[in-house]
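Undergrad: Encoded as structure tokens, here's the structure I'll be asking about.
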Amino acid sequence: MDSNNKINEKINKNDGFTSKLGFTLASIGSAVGMGNIWRFPVMVSLFGGMSFLLPYFLFVILIASTGVIEEFSLGRLTGSGPVHAFSFATARKGNENIGKKLGLIPVLGSLALAIGYTVVMGWIFRYNFLAINGTLTDLADDFYLIGATFNQTAGKFANNFWIIVAGLCSMVIMSFGIAKGIERANKILMPILFILLLGLAIYIAMDPKAYSGYKYIFSLDSSYLSDIKLWIFAFGQAFFSLSIAGNGSVIYGSYLPKNEDIPSSAKNIAFFDTLSALLASFVIIPAMAIGNADLTEGGPGLMFMYLVNVFNQIKSGQILMIFFYIAVLFAGFSSIINLYEAPVAYVKEKFNISRKFSAFIINGIGIIVAIFIQAIVGPWMDIVSIVIAPLGAFLAGIMFFWILDKNLAINEVNKGRKKALGSWFYPIGKYIYCSLSLLALILGIVYGGIG
């Protein structure tokens, strides 16, 4: 059987996306995650509002028009996840095994990220519960109690129940497959997420004190543009926000029909991912202004401590908190199912087992490991996101732009399009994007993370 027949056979076996909308929403869901909510607003705050946004927009356009297109195209071309996609590429150079070994890097990285995300999803589930039953509201502005509440959530073996709930929910969604599971879930999660963020932004905008927050977001201070750190962190935010790591986008691409216009979809994904980050900023930065708080720290501290304090000082704060944590929950779920997908698909294909059994194994492993790493999830996520994620993106870029035949790669990108993508795509992807992927790895190590 020749290579093309093998590819077609794999595609036929795959449970794929049934509509362009479903694929787009699922891909937006994979990109919209915690970084959009607990990091992007902080970067906007620290680096001068619009002064950060302009370089960020530039990098989003560059990465979406090369890296995102490349990973979806590589997946669709091979009809498989990273392991078989990489081996298909290296087989054309006479060494299939090296591709299989390299392809395991993004698969294992995706699993490690998913496990860390399972811990965080457990926190988010618990905070939804605490917001609804009024516990967070009762903390008022007592920052000691607010901090103690989070410490009780994030300590060693402190949140086992909600981690199990998070893992089981992911397992159930994934066991239904792509069309009936992931696609259907994102058709519900993504519209509600954007409606919630928009509603929160509108409500907060009605408070006169929010004006200073919006003024800062849209301010442009050219002095910030001479700060190399601004450009580094704008690049890092764009790079990691678009979910390019050689895993999730490759496996989602494998579920695409040949008539899907991948460059058009990449443009939509970049737009809505950026929109979600901006909406989060329109909620968080003005809210911090209302509460007279400085937005200088991101991550879990922002989401689970500082914002609790701020919401408790705003009119109807409990209702706002409930809607906010529901939105965060939806953003997290859309990401976690994407992260688990590459390992689930790999185990299913490798051992020729049912998808349900594969989802049970992978999510089961995720739950068990997540329970044991609760106290060290920060360093765990740092190692994976700083090293393995950009390495996976770099390897995928090398496979597509350097190992595959140029005509084969370009033909795959142009399938489903009425007009071929410009001649700029291949050289920019080959030389600039691949170099940036390697740079993301190096800068991440130097700065201890850039995204």
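For any residue, its number in the numbering used here is found by taking its place in the sequence shown, counting from 1, and adding 217.
Heads up, the beta-carbon is just placed ideally off N, CA and C, and yes, glycines get one too.
#1: Is it buried or exposed, residue 533, if we count other Cβ atoms within 10 angstroms and call 16 or more buried?
#2: Roughly how many whole angstroms lie between the Cα atoms of residue 525 and residue 353?
#3: What is the rounded straight-line gap between the Cα of residue 664 and the Cα of residue 649?
#4: Could you tell me the alpha carbon to alpha carbon distance between residue 240 and residue 408, rounded to whole angstroms?
#5: Does the beta-carbon distance from residue 469 to residue 633 come in below 8 Å?
#6: Alpha carbon to alpha carbon, what distance is there between residue 553 and residue 675?
#7: Less than 8 Å between the C-beta atoms of residue 503 and residue 583, yes or no?
#8: Counting beta carbon pairs with one atom in the region 572 to 591 and one in the region 387 to 405, are three or more of them shorter than 8 Å?
#9: Going by CA-CA distance only, name the one from 523, 593 and 274 that's closest to residue 333.
#10: Using CA coordinates, which residue listed in 304, 464 and 421 is at the minimum distance from residue 496?
#11: Pick from 662, 637, 642 and 617: whose alpha carbon is nearest that of residue 672?
#12: Figure out for me which residue from 657, 642, 639 and 596 has the closest Cα to the Cα of residue 611.
#13: How is residue 326 classed by DSSP in three states: helix, strand or coil?
#14: Which word fits residue 379, buried or exposed, when buried means at least 16 other C-beta atoms lie within 10 angstroms of its C-beta?
#15: DSSP has residue 266 in a bridge; who is on the other side?
#16: Measuring only the C-alpha atoms, how far is residue 596 from residue 319?
#17: Tell me whether residue 356 sits in a helix, a strand or coil according to DSSP, three-state version.
#18: State the Cα-Cα distance for the pair residue 551 and residue 607, rounded to the nearest angstrom.
#19: How should residue 351 be labelled, buried or exposed, when 16 other C-beta atoms within 10 angstroms of its C-beta is the threshold for buried?
#20: Skipping 5 residues on each side, what residues in its chain have a beta carbon closer than 7 Å to that of residue 638?
#21: Mind checking whether residue 537 and residue 417 have CB atoms under 8 Å apart?
#22: Ordered along the chain, which non-local residues of its own chain (more than five positions away) have a Cβ less than 6 Å from that of residue 256?
#23: Where does residue 729 land, buried or exposed, given buried means 16+ other C-beta within 10 angstroms?
#24: In terms of residue numbering, what span does the alpha helix (DSSP H) encompassing residue 411 cover?
#25: Assuming residue 454 is part of the alpha helix (DSSP H), what are its boundary residues?
#26: What residue from 327, 588 and 651 has the CA that sits closest to residue 372's CA?
#27: Apart from the five residues just before and just after residue 305, which ones in its own chain have a Cβ nearer than 6 Å to its Cβ?
#28: Where does the unbroken alpha helix (DSSP H) through residue 572 begin, and where does it stop?
#29: When you compare the CB positions of residue 523 and residue 266, do they come within less than 8 Å of one another, or not?
#30: Let's see if you can read the secondary structure: which residues bound the alpha helix (DSSP H) around residue 596?
#31: Could you check if residue 218 is buried or exposed, using at least 16 other CB atoms within 10 Å of its CB as the buried criterion?
#32: Near residue 535, what residues of its chain come up, given a Cβ to Cβ distance below 6 Å and the 5 sequence neighbours on each side ignored?
#33: Throw me the rounded Cβ distance for the residue 544 and residue 464 pair, which I believe falls under 8 Å.
#34: My guess is that residue 236 and residue 457 are in contact by the Cβ rule of under 8 Å, so how many angstroms apart are they, rounded?
#35: Could you say which of 635, 286, 262 and 342 lies nearest to residue 471 if we only look at CA atoms?
#36: Are there 16 or more other CB atoms within 10 angstroms of the CB of residue 311, so buried, or fewer, so exposed?
TA: From the atom records:
#1: For the purposes of this step, residue 533 is identified with residue 316 of the sequence shown, where counting begins at 1. By the 10 Å Cβ count, residue 533 comes out exposed.
#2: To locate residue 525, count along the sequence shown from 1; it is residue 308. To locate residue 353, count along the sequence shown from 1; it is residue 136. Residue 525 and residue 353: Cα-Cα distance of roughly 7 Å.
#3: As a first step, residue 664 must be located in the sequence shown, where it is residue number 447. As a first step, residue 649 must be located in the sequence shown, where it is residue number 432. Looking at the two C-alpha atoms, the distance is approximately 21 Å.
#4: Here residue 240 is taken as the residue at index 23 of the sequence shown, counted from 1. Here residue 408 is taken as the residue at index 191 of the sequence shown, counted from 1. Taking the straight line joining both Cα atoms gives about 14 Å.
#5: The sequence position of residue 469 within the sequence shown is 252, counting from 1. The sequence position of residue 633 within the sequence shown is 416, counting from 1. Taking 8 Å as the Cβ cut-off, residue 469 and residue 633 do not qualify as a contacting pair.
#6: Residue 675 lies beyond the residue range present for the chain, which begins at 218 and ends at 668; the question has no answer from this structure.
#7: Sequence index remark: in the sequence shown, residue 503 carries index 286 (1-based). Sequence index remark: in the sequence shown, residue 583 carries index 366 (1-based). Note that the C-beta distance between residue 503 and residue 583 is not below 8 Å.
#8: yes
#9: Within the sequence shown, the letter at position 116 stands for residue 333. When only C-alpha atoms are compared, the closest one is 593.
#10: In the sequence shown, the residue the question calls residue 496 occupies position 279. Nearest C-alpha to residue 496: 421.
#11: Look at the range of the chain in this structure, 218 to 668, and you will see that residue 672 is not part of it.
#12: Along the sequence shown, one-based indexing puts residue 611 at 394. It is 657.
#13: Against the sequence shown, residue 326 aligns to sequence position 109. Three-state DSSP puts residue 326 in a helix.
#14: Position 162 of the sequence shown, counted from the start, is the residue given in the question as residue 379. Note on residue 379: 16 or more other CB atoms within 10 angstroms of its CB, so buried under the neighbour-count rule.
#15: Residue mapping note: residue 266 aligns to position 49 of the sequence shown, counting from 1. Beta-bridge pairing links residue 266 to 437.
#16: Counting from one through the sequence shown, the residue named residue 596 turns up at place 379. Counting from one through the sequence shown, the residue named residue 319 turns up at place 102. The alpha-carbon atoms of residue 596 and residue 319 are separated by roughly 24 Å.
#17: Your numbering for residue 356 matches position 139 in the sequence shown. Three-state DSSP puts residue 356 in coil, outside helix and strand.
#18: Counting from one through the sequence shown, the residue named residue 551 turns up at place 334. Counting from one through the sequence shown, the residue named residue 607 turns up at place 390. Cα to Cα, residue 551 sits roughly 21 Å from residue 607.
#19: The residue you call residue 351 lines up with position 134 of the sequence shown. Looking at its Cβ environment, which holds fewer than 16 other Cβ atoms inside 10 Å, residue 351 is exposed.
#20: As a first step, residue 638 is located in the sequence shown; it is residue number 421 there, counting from the start. Around residue 638: 480, 630 and 631.
#21: Working through the sequence shown from its first residue, we reach residue 537 at position 320. Working through the sequence shown from its first residue, we reach residue 417 at position 200. Cβ distance < 8 Å, so residue 537 and residue 417 count as in contact.
#22: Along the sequence shown, one-based indexing puts residue 256 at 39. For residue 256, where only same-chain residues beyond five positions count, the Cβ hits under 6 Å are 515.
#23: Only positions 218 to 668 of the chain appear in this structure, which leaves residue 729 out of reach.
#24: For the purposes of this step, residue 411 is identified with residue 194 of the sequence shown, where counting begins at 1. Taken as a continuous stretch (DSSP letters only), the alpha helix (DSSP H) holding residue 411 covers 401 to 422.
#25: Sequence index remark: in the sequence shown, residue 454 carries index 237 (1-based). Its alpha helix (DSSP H) spans residues 445 to 458.
#26: Numbered from 1 along the sequence shown, position 155 holds the residue referred to as residue 372. Distance from the Cα of residue 372 is smallest, within the candidate group 327, 588 and 651, for 588.
#27: Here residue 305 is taken as the residue at index 88 of the sequence shown, counted from 1. Same-chain partners within the cutoff: 295.
#28: Working through the sequence shown from its first residue, we reach residue 572 at position 355. First-last of the alpha helix (DSSP H) with residue 572: 572 to 589.
#29: Position 306 of the sequence shown, counted from the start, is the residue given in the question as residue 523. Position 49 of the sequence shown, counted from the start, is the residue given in the question as residue 266. In this structure, residue 523 lies away from residue 266, with their beta-carbon atoms at least 8 Å apart.
#30: Counting from one through the sequence shown, the residue named residue 596 turns up at place 379. Residues 594 to 600.
#31: Along the sequence shown, one-based indexing puts residue 218 at 1. Because the pLDDT of residue 218 is 40, which lies under 50, any placement of that residue in the model is unreliable, and the number read from its coordinates should be weighed accordingly. Residue 218 comes out exposed.
#32: Mapped onto the sequence shown, residue 535 falls at position 318. Same-chain partners within the cutoff: 354.
#33: Mapped onto the sequence shown, residue 544 falls at position 327. Mapped onto the sequence shown, residue 464 falls at position 247. No, residue 544 and residue 464 are not in contact; Cβ-Cβ is about 25 Å, not under 8 Å.
#34: Residue mapping note: residue 236 aligns to position 19 of the sequence shown, counting from 1. Residue mapping note: residue 457 aligns to position 240 of the sequence shown, counting from 1. Not quite, the Cβ-Cβ distance comes to about 28 Å (not below 8 Å), so this is no contact.
#35: Position 254 of the sequence shown holds residue 471. Of 635, 286, 262 and 342, the residue nearest in Cα terms is 286.
#36: Position 94 of the sequence shown, counting from 1, holds the residue named residue 311. By the neighbour-count rule (16 or more Cβ atoms within 10 Å), residue 311 is not buried but exposed.
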